[in-house]
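Numbering (my numbering) for the sequence shown: 3 to 272. To start, the structure under review is shown below, and the notes come after it.
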Amino acid sequence: MLPPALSDDQSVPFDDRGLAYGDGIFETVLLRDGAPVLWRYHMARLAQGCQRLGIPLLSQEVLDATWQGDPTAEFEVLKLILTRGSGGRGYAQPEQVTPRLLSRRTPFQPSVKRWQEGVTVRLCDLQLARQPRLAGIKHLNRLENVLARREWNDATIAEGLLADSEGLIVEATSMNVFWQQAGEVFTPQLDQCGVAGTLRAVLLEEGAVAEDALTLDQLADVERLWVANSVQGVWPVTKLLSASGSLLQRWSLSHSDPFQRLAHQLLGVV
């Protein structure tokens, strides 16, 4: 296996295919006391993304080296970007692919207030396109999410919910969606579009959630609603707004939230 063309936080060449075409994948990993949280699940999704896109997977030794360092920081976020590298004519890939790896660690502090007080979310006008070959992986072409996030500037709105072209709830702009119905917790099946988060993966593996479909019309009738990912943890949703800003539903916070408690235990949050 060829070594990556680049590592650490350096400049990207003009002809990098990730820059030119979004030809690559990325991972955003929570580091707690210098060690990655849910690393096995991030590596599994990275491997799946490489397989889907046909990018050579780097050695585990190279990937592990990105997070090894100063263990004194309580929380950091590690971002990994792996592109197909440079070369090729137009969209055609080079005959010999030399992947390019970039990584950066940044300080981070989770929003405990949002864990405790819940958040307001809104529906987005943008509809996600269906493309099963890209569904689940964290590829670099995230323009749909960028456009959806441009739909609001109100700092009191924490997230926007995205549906696909068939009217099924898929995800939030940067988090997965979970809901409770008849006492059970569900999350959308991401076989057509959307990012399959690592916290979502471990919750499914633990049997704490099940996959199901949720339409836009059904959303306001669920018993409870959460948005969550492996970096931010679980935010209970207390208010749901339409894309125009009108109130669609309000949920009360529960003093006991077994779903949030389990998810945070899996993230190492005491």
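Every residue, glycine too, gets a C-beta built ideally from N, C-alpha and C.
Whose CA, out of Trp41, Arg19 and Ala212, lies closest to the CA of glutamate 186?
-> For the purposes of this step, residue 186 is taken as the residue at position 184 of the sequence shown. Ranking Trp41, Arg19 and Ala212 by CA distance to the CA of glutamate 186 puts Ala212 first.
Looking at C-beta atoms only, is the number of pairs between the stretch 20-27 and the stretch 247-256 that lie closer than 8 Å three or more?
-> By the C-beta criterion, the stretch 20-27 is judged not to be in contact with the stretch 247-256, since fewer than 3 inter-stretch pairs fall below 8 Å.
Identify whether threonine 2 lies in helix, strand or coil by the three-state DSSP scheme.
-> As shown, the chain starts at 3 and ends at 272. That puts residue 2 outside it, with no answer to give.
Do you know whose CA, among Thr108, Asp259, Gln50 and Pro260, lies nearest glutamate 76's CA?
-> By one-based count along the sequence shown, residue 76 stands at place 74. For the residues Thr108, Asp259, Gln50 and Pro260, the minimum Cα distance to glutamate 76 belongs to Thr108.
Quick one: give me the first and last residue of the beta strand (DSSP E) that phenylalanine 188 is part of.
-> Within the sequence shown, the letter at position 186 stands for residue 188. Where phenylalanine 188 is concerned, the enclosing beta strand (DSSP E) stretches over 186-190.
Keeping to the same chain, check which residues put their C-beta closer than 8 Å to that of leucine 243; ignore five residues upstream and five downstream.
-> Here residue 243 is taken as the residue at index 241 of the sequence shown, counted from 1. Here the set comprises Thr122, Val123, Arg124, Leu125, Ile159, Leu249 and Leu250.
Residue burial classification, asparagine 143 (beta-carbon count within 10 angstroms, cutoff 16) | Counting from one through the sequence shown, the residue named residue 143 turns up at place 141. Burial is judged here by how many other beta carbons sit within 10 angstroms of a residue's own beta carbon; asparagine 143 has fewer than 16 and is exposed.
Between the CA atoms of glycine 169 and leucine 32 - distance to the nearest angstrom = Within the sequence shown, residue 32 is the residue found at index 30, counting from 1. Within the sequence shown, residue 169 is the residue found at index 167, counting from 1. Going by C-alpha positions, leucine 32 is about 32 Å away from glycine 169.
On the three-pair Cβ rule with 8 Å, is the stretch 186-195 touching the stretch 133-152?
-> Touching, yes.
Say whether the stretch 200-216 touches the stretch 88-100, bearing in mind that this needs 3 or more beta-carbon pairs closer than 8 Å, one atom from each stretch.
-> The stretch 200-216 is not in contact with the stretch 88-100.
At what residues does the beta strand (DSSP E) containing lysine 81 begin and finish?
-> Position 79 of the sequence shown, counted from the first residue, corresponds to residue 81. Unbroken beta strand (DSSP E) run through lysine 81: 77-85.
Threonine 214 - partner residues in DSSP beta bridges = Residue numbering aside, residue 214 sits at position 212 when the sequence shown is read from its first letter. A small fix is needed here, since residue 214 is aspartate in this sequence, not threonine. Answer is Pro190.
Quick one: is valine 233 near chain C, going by C-beta distance under 8 Å?
-> Although the question refers to chain C, the structure presented lacks it and comprises just one protein chain.
What are the boundary residues of the alpha helix (DSSP H) that includes asparagine 143?
-> For this step, residue 143 is matched to residue 141 along the sequence shown. Counting along the chain, asparagine 143 sits inside no alpha helix (DSSP H), nor does DSSP assign it H or E at all.
For alanine 245, which residues of its own chain have a beta-carbon under 6 Å away from its beta-carbon, when the five flanking residues on both sides are left out?
-> Residue numbering aside, residue 245 sits at position 243 when the sequence shown is read from its first letter. Only Leu125 and Asp127 meet the Cβ criterion.
Return the chain-ordered list of same chain residues with a C-beta closer than 6 Å to the C-beta of leucine 4, the five sequence neighbours on each side being excluded.
-> Position 2 of the sequence shown holds residue 4. At leucine 4, the pLDDT of 48 sits below 50, so the modelled position is not reliable; the number obtained from the coordinates is stated separately. Closer than 6 Å at Cβ, skipping near neighbours: Thr100.
One or two residues paired with glycine 26 in a DSSP bridge | By one-based count along the sequence shown, residue 26 stands at place 24. In the DSSP secondary-structure assignment, glycine 26 is bridged to Thr85.
Glycine 56 by DSSP, collapsed to three states: which one?
-> Indexing the sequence shown from 1 puts residue 56 at position 54. Correct three-state label for glycine 56: coil.
What is the C-beta distance between valine 236 and alanine 265, in whole angstroms, given that I count them as a contact (C-beta under 8 Å)?
-> Working through the sequence shown from its first residue, we reach residue 236 at position 234. Working through the sequence shown from its first residue, we reach residue 265 at position 263. The Cβ separation is near 5 Å, so the contact holds.
Residues bridged to asparagine 231 by DSSP?
-> By one-based count along the sequence shown, residue 231 stands at place 229. DSSP lists Gly235 as partners of asparagine 231.
Of the listed residues Gln50, Pro73, Ile57 and Met45, nearest to lysine 81 (C-alpha basis) = Stepping through the sequence shown from its first residue, residue 81 is reached at position 79. Checking every option, the nearest Cα to that of lysine 81 belongs to Met45.
Phenylalanine 261, DSSP secondary structure in three states = Translated into positions along the sequence shown, residue 261 becomes position 259. For phenylalanine 261, the three-state secondary structure derived from DSSP is helix.
Closest to leucine 164 by CA distance: which of Phe180, Gln50 and Asp156 is it?
-> Residue 164 sits at position 162 when you count from the first residue of the sequence shown. Scanning Phe180, Gln50 and Asp156 for the CA closest to the CA of leucine 164 turns up Phe180.
Mark leucine 8 as exposed unless 16 or more other C-beta atoms lie within 10 angstroms of its C-beta, in which case mark it buried.
-> Within the sequence shown, residue 8 is the residue found at index 6, counting from 1. Here leucine 8 scores only 48 on pLDDT, less than 50, and its place in the model is too uncertain to base an answer on.
Close Cβ partners of glycine 36 (< 6 Å) along its chain, the five nearest in sequence each way excluded | Here the question's residue 36 lines up with position 34 in the sequence shown. Pro73, listed in sequence order.
Determine the DSSP secondary structure at arginine 19, reduced to helix, strand or coil.
-> The count along the sequence shown starts at 1 and reaches residue 19 at position 17. The DSSP-derived three-state label of arginine 19 is helix.
For arginine 116, which residues from the same chain have a beta carbon less than 6 Å from its beta carbon, with the 5 sequence-adjacent residues on both sides left out?
-> As a working mapping, residue 116 is identified with position 114 in the sequence shown. Counting only residues of its own chain and dropping the five nearest sequence neighbours on each side, arginine 116 has a CB closer than 6 Å to the CB of Trp237.
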